[in-house]
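**Student:**
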Amino acid sequence: MADWYHERLELHIQEFRKNLSDDEDMSVTVVLNDGKSVTAAWFGYHNPNMITVDGIDERGNEVEVLLPHTNIQVVLAKTKKEKAAARRPIGFQTREQESEPPSS
Numbered sequence: 021m022a023d024w025y026h027e028r029l030e031l032h033i034q035e036f037r038k039n040l041s042d043d044e045d046m047s048v049t050v051v052l053n054d055g056k057s058v059t060a061a062w063f064g065y066h067n068p069n070m071i072t073v074d075g076i077d078e079r080g081n082e083v084e085v086l087l088p089h090t091n092i093q094v095v096l097a098k099t100k101k102e103k104a105a106a107r108r109p110i111g112f113q114t115r116e117q118e119s120e121p122p123s124s
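My numbering runs 20 ahead of the 1-based position in the sequence shown.
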């Protein structure tokens, strides 16, 4: 289910962030099937299998990408942080935010 994948993704990103030094930040990049990429700012999900990613594409456009959880590739990379800059946050949907499907 997408919520399980989303939860594991969040844990991996949190663990990666814990290992950064004070002068490092991280980038979270989602690689798409066509080779393009999105710098992720927020991850969500819709069960049974959809992961949503809000971020910035290679041209600087704000985008929302909808992907099956079996088809998402995420690259975590350490980057140098600018001295006075705060670390870039990565947001995650909470379980309470998932809407229930309409009842028939």
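The C-beta atom is built at its ideal place from N, Cα and C for all residues, glycine as well.
1. Among the residues of its own chain, which have a CB less than 8 Å from the CB of D23, if the five just before and after it don't count?
2. Determine the direct distance from the alpha carbon of E102 to that of D168, and round the result to whole angstroms.
3. Specify the secondary structure class of E84 as computed by DSSP and reduced to three states.
4. From this set, V58, D54 and Y25, which residue's C-alpha is nearest V95's C-alpha?
5. Apart from the five residues on each side of it in sequence, which residues of its chain come closer than 7 Å, Cβ to Cβ, to R108?
6. Please report the residue range of the alpha helix (DSSP H) in which H32 lies.
7. Near A97, which residues of its chain fall below 6 Å by C-beta distance, leaving aside the five closest residues on each side in sequence?
8. Confirm, please, whether the CB-CB distance from A61 to T49 is below 8 Å.
**Tutor:** So, from the listed chains and residues:
1. Working through the sequence shown from its first residue, we reach residue 23 at position 3. Excluding sequence neighbours, D23 sits near Y65, N67, R115 and E118.
2. Residue 168 lies beyond the stretch modelled for the chain, which goes from 21 to 124, so this question has no answer here.
3. Counting from 1 along the sequence shown, the entry for residue 84 is found at position 64. Correct three-state label for E84: strand.
4. Here residue 95 refers to the residue found at position 75 when the sequence shown is read from its first residue. The candidate whose alpha carbon is nearest that of V95 is V58.
5. Counting from one through the sequence shown, the residue named residue 108 turns up at place 88. Cβ within range, chain order: D45.
6. What you label residue 32 is simply residue 12 of the sequence shown in a count that begins at 1. Here the alpha helix (DSSP H) through H32 covers A22 to K38.
7. Locating residue 97 in the sequence shown gives position 77, counting from the first residue. S47, listed in sequence order.
8. Position 29 of the sequence shown, counted from the start, is the residue given in the question as residue 49. Position 41 of the sequence shown, counted from the start, is the residue given in the question as residue 61. Cβ atoms of T49 and A61: not closer than 8 Å.
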